[in-house]
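Protein chains in written order, with numbering that gives the first Met the number 0: chain A, 0 to 605; chain B, 0 to 203.
The C-beta atom is built at its ideal place from N, Cα and C for all residues, glycine as well.
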Amino acid sequence: MNDNQANILEEALTRFVGIYFRGEQSDVDEFIGQYPQCKAQLKKRIQDLQEIDSLFDSLVQADESDFEDTATGQELVGQKVENFEIIEIIGRGGMGVVYLARDTRLKRSVAIKSMPAQLKNDSTARMRFSREAELLASLNHPNIAVIHDIIEQEDVTGYLVLEYVPGETLIERIKREPLELEETLSIARQIAEAVSAAHEKGVVHRDLKPGNIKLTPDGRVKVLDFGLAKPSVSEGMDIEITSTEPSHIIGTPAYMSPEQARGNPTDHRTDIWSFGCIIYQMLTSHSPFESDTATDTLARIIERQPDWELLPNEIPKKIRALLQRCLEKDPERRLGNIADAAIEIGETLSRPAAPVRTLWRWAMAIGFTVAVIVVGLNIGRWREQLPDVVSQGRIKSLAVLPLENLSGDPNQEYFSDGMTEALMTELSKIGTLRVISRQSVMQYKGMDKTLPEIARELDVDAVVEGSVLRVAERVRISAQLICTVPEQHLWADNYDRDFGDILILWSEVAQAIARQIEITLTPDLQARLTAGRSINPEMYEAYLKGMFHLNKFTPEGTKKGLTYLHQAIEKDPTDPLPYAGLESTLKSAIGQMLQSALYMTFADQL
Amino acid sequence: MKPIDDQKTQHLVALAKEGNQPALNQLCSVYGERVRRIIRFRLDTKLRPKLDSIDIVQDALILALGGLKDFTYRNEGDFLRWLSRIAENKLHDISKKFHASKRDIRKEISFKREGSSTDGRFYGAAEPIGTTTPSVIMRKKEALDRLEKALDTLKPEYKEVIVLKRIEGLTHAEIAERLNKSTNAVPMLLFRAMAALTIAYGKD
């Protein structure tokens with residue numbers, strides 16, 4: 000368009016504004032027809048003018064729906080819905096209003112969410128909503144906010160009663176200050192575990208974003224807003240309530256997957272994409288595709304690669320690769336299972352010499368070396384001055400949590416319990432370390448308490464947890480050492496051994512842990528810890544069963560236990576283990592006033 | 000769009016005058032973002048970043064609504080202009096304070112933005128669960144941002160006449176008085192200004 004045309008356009012437009020503002024009736028097409036030189040341009044500008052006009056209108060005049068949107072539920076504050084006193088509105092979104100409420104019956108705080116108004120007249124969507132709520136209720140995952148109840152009422156939309164999660168959202172956390180790599184990975188792993196648990200049940204979140212993730216004051220991650228009212232398109236019911244139509248996009252589309260941005264069907268992989276965006280944002284403080292406008296953001300999601308240069312250098316290669324797999328635009332090429340992400344992140348976290356720390360050490364080492372040369376200090380001393388994530392000797396007490404019985408067979412409990420005890424025995428050899436007794440620890444078996452809670456109750460600096468699985472003559476064991484304040488995975492390893500070498504295995508585990516908590520292995524301690532030896536598997540089996548029954552402290556258990564210990568002695572009379580078992584049983588039995596009966600049995604059997 | 004009948008706002012204003020908290024909250028939700036936008040349109044660009052601290056608008060609104068007793072409701076436009084005027088005065092007060100203490104607004108960081116203007120923590124939400132306020136005005140965020148940018152490219156006289164007409168709702172005679180022009184000259188000035196705005200708005 001040349002200057003002349005521009006002038007004509009401006010004049011035409013000015014004339015049109017006059018007609019428009021004076022409210023004169025005019026046929027727009029006829030008006031445009033008078034300017035054949037810039038017909039298309041003029042038409043476009045007239046549309047712009049009308050848009051601007053309505054923008055000004057909406058600015059100075061509230062819209063009916065404004066009141067509806069904001070009023071909904073406001074009148075509920077201070078009211079009671081069944082046994083819930085509505086205290087205040089704590090959130091508002093496309094999905095309805097969220098209230099903080101007090102459950103007067105159970106005397107606890109809950110979050111109450113009104114069901115999306117769209118569900119009011121849609122029985123299919125309502126059914127799916129209820130079904131998904133049921134699925135979610137069955138999830139019972141520590142990183143997913145729990146659904147307590149659904150309140151259904153006639154004529155009005157119902158309510159969901161949810162766990163109230165205090166604390167800041169991940170987006171608030173990111174904005175507050177940059178996250179450390181370890182913290183990022185620990186949060187990412189918990190998100191991945193939550194999402195993976197949901198995916199296993201067929202629940203897809205579809206709106207995973209830092210605003211939907213809460214960090215509780217005790218350091219746990221809780222994912223909110225799972226799956227509800229976001230029906231799966233792939234099921235053929237294409238009522239996407241979170242519509243992709245720009246005017247209905249509520250909040251930011253920055254975490255939308257390319258298939259969502261295109262309005263294509265989505266499945267669980269859409270969550271994996273969003274998960275990638277969240278990790279990226281935790282690492283760089285920027286979401287990978289966010290732009291000034293929603294339209295731009297959507298275009299970037301579809302077309303552009305995130306700026307990989309922004310990622311800090313110290314990020315382990317594995318995590319970088321994982322992130323790139325999550326942010327594959329084509330869902331077919333994307334990471335297919337978020338459980339894999341949880342595992343990979345877990346492995347990176349448990350590796351004690353994560354690259355970040357190595358780098359740090361090197362940087363510090365160089366700095367120190369220079370200083371040492373200049374000042375002429377004893378070079379041999381510098382290493383111990385290096386800062387480490389866990390300072391030396393900070394861990395003075397430790398609890399071995401009941402190892403998980405991975406077989407799922409209750410008849411194998413004796414084995415996992417026995418392994419727990421074997422590890423405790425091994426660790427108790429480290430004189431400077433206080434290892435919590437078996438009785439105190441066993442109460443946590445199968446209990447759903449957080450590590451910080453357990454650590455606080457037992458008053459320990461660290462815990463060891465893990466799992467055991469026995470398949471025929473092979474034993475597979477995983478163990479990890481977790482420092483509790485701040486919660487930090489210090490070490491983890493997997494072992495796969497012959498059953499007969501089990502004691503050797505435990506002494507290796509104990510040595511590894513001793514090294515982690517930087518206990519100096521004196522020659523004496525070293526000797527005690529390496530005293531692991533091969534054993535007769537049949538003897539050991541009988542011994543473990545015996546101890547398992549004896550530890551029940553019931554007359555019947557005692558009887559069975561002693562029978563097994565006796566068998567153990569028969570299998571290998573040279574092994575001291577069963578004798579030690581008998582001795583300790585005798586001691587505690589005496590203490591428990593079972594003395595006479597037991598003594599008789601015992602004397603008989605000897 | 001359905002223009003709201005004045006009665007709703009009037010009713011809320013009446014309730015708020017009596018100290019009804021939900022009514023006050025609702026007025027804030029409906030008008031808070033509008034007030035912020037209006038002030039942005041009127042302000043010169045240097046002061047704008049201060050406005051992005053949502054707290055100022057909120058404080059101003061609370062202040063304004065606290066003074067509701069002195070306000071006689073005539074119509075919605077009136078109410079909104081009255082609100083935004085108080086908020087803007089408050090903003091100027093604050094900026095004067097900053098000038099007085101010889102601080103440069105452009106370097107002022109204590110008014111750091113807390114999230115975007117649409118993150119829904121505007122009112123009444125002590126602990127938002129990461130949700131947004133889907134009010135009509137929020138949904139038009141992008142278009143309004145664009146309009147604001149277009150307004151900034153206009154010559155001051157154009158910008159002023161548009162604001163006086165479309166936001167302040169003044170008559171041609173009143174505008175003429177403000178701009179020191181003859182009443183007859185106002186319509187043409189306004190049309191030219193709007194045409195220029197439309198062209199600026201359409202440009203990419």
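Three or more Cβ pairs closer than 8 Å define a contact, and the region 494–503 of chain A meets that threshold against the region 471–479 of chain A.
Contacts with chain A at 9 Å (Cβ-Cβ) include Ile37/B.
C-alpha of His10/B to C-alpha of Gly76/B: approximately 15 Å in a straight line.
Taking C-alpha positions only, Tyr30/B is separated from Arg172/A by approximately 29 Å. With a 10 Å radius around the Cβ and a threshold of 16 neighbouring Cβ atoms, Ser25/A comes out exposed. Excluding its 5 nearest sequence neighbours in each direction, Arg303/A has C-beta neighbours in its own chain below 8 Å: Phe288, listed in chain order. Annotation for Cys37/A: no alpha helix (DSSP H) segment contains it, and DSSP assigns it neither H nor E. Counting C-beta atoms within 10 angstroms of its own C-beta, Asp408/A has fewer than 16 neighbours from the protein chains shown and is therefore classed as exposed. At a cut-off of 9 Å between beta-carbon atoms, Tyr72/B makes no contact with chain A.
Cβ contact annotation for Pro451/A (same chain, cutoff 7 Å, sequence separation greater than five): Asp217, Gly218, Thr483, Glu486, in chain order. In the DSSP assignment, Asn493/A forms a beta bridge with Ser477/A. For Gln60/A, the secondary structure class from DSSP, reduced to helix, strand or coil, is coil. Excluding residues up to 5 positions away in sequence, Leu543, Lys544, Phe547 lie with their Cβ nearer than 7 Å to the Cβ of Tyr413/A in the same chain. The C-beta of Arg219/A comes no closer than 9 Å to any C-beta of chain B. Look at the region 21–45 of chain A: the residues with a C-beta under 7 Å from a C-beta of chain B are Lys43, Arg44. Residue pairing for Gly465/A: DSSP places it in a beta bridge opposite Ala478/A.
Here the alpha carbon of Ile344/A sits roughly 30 Å from the alpha carbon of Leu502/A. Using a CB distance below 9 Å, the part of the region 3–22 of chain A facing chain B consists of Ala5, Leu8, Glu9, Glu10, Ala11, Leu12, Thr13, Arg14, Phe15, Val16, Gly17, Tyr19, Phe20, Arg21, ordered along the chain.
Within the region 180–223 of chain A, the complete beta strand (DSSP E) runs of at least 3 residues fall at 212–214, 220–222.
Across the set Phe128/A, Thr296/A, Ala193/A, Pro536/A, the C-alpha of Thr296/A shows the shortest separation from the C-alpha of Glu141/B.
Under the DSSP assignment, Ser108/A falls in the beta strand (DSSP E) whose first and last residues are 107–113. No residue range can be given for Glu176/A, since it is assigned to no alpha helix (DSSP H) and is classified by DSSP as neither H nor E.
Contacts with chain B at 9 Å (Cβ-Cβ) include Glu50/A.
For Asp206/A, the number of other beta carbons within 10 angstroms of its own is at least 16, and it is reported as buried. Using a C-beta cut-off of 8 Å, the region 177–186 of chain A makes no contact with the region 139–149 of chain A, since fewer than three inter-stretch Cβ pairs fall below that distance. Put simply, the CB of Val222/A is far from chain B, with every gap to its CB atoms at 9 Å or more.
Per DSSP, reduced to three states, the secondary structure at Phe288/A is coil, with no helix or strand assignment. Under the Cβ distance rule, Gln515/A does not count among the residues neighbouring chain B, no pair being separated by less than 9 Å. In the structure shown, the three-state DSSP call for Ile314/A is coil. Among the CB atoms of chain A, one or more fall inside 9 Å of the CB of Ala194/B. Here His488/A is buried. Its C-beta has 16 or more other C-beta atoms within 10 Å.
If you look at Ala398/A, you'll find it in the beta strand (DSSP E) that goes 396–399. For Leu54/A, the chain B residues whose Cβ falls inside 8 Å of its Cβ are Lys139, Ala142, Leu143, Leu146, in order along the chain.
Looking at the DSSP output, His488/A bridges to Ile481/A. Bounds of any alpha helix (DSSP H) do not take in His140/A, whose DSSP letter is neither H nor E. The distance from the Cβ of Leu153/B to that of Ala86/B is about 23 Å, inconsistent with a contact at the 8 Å cut-off.
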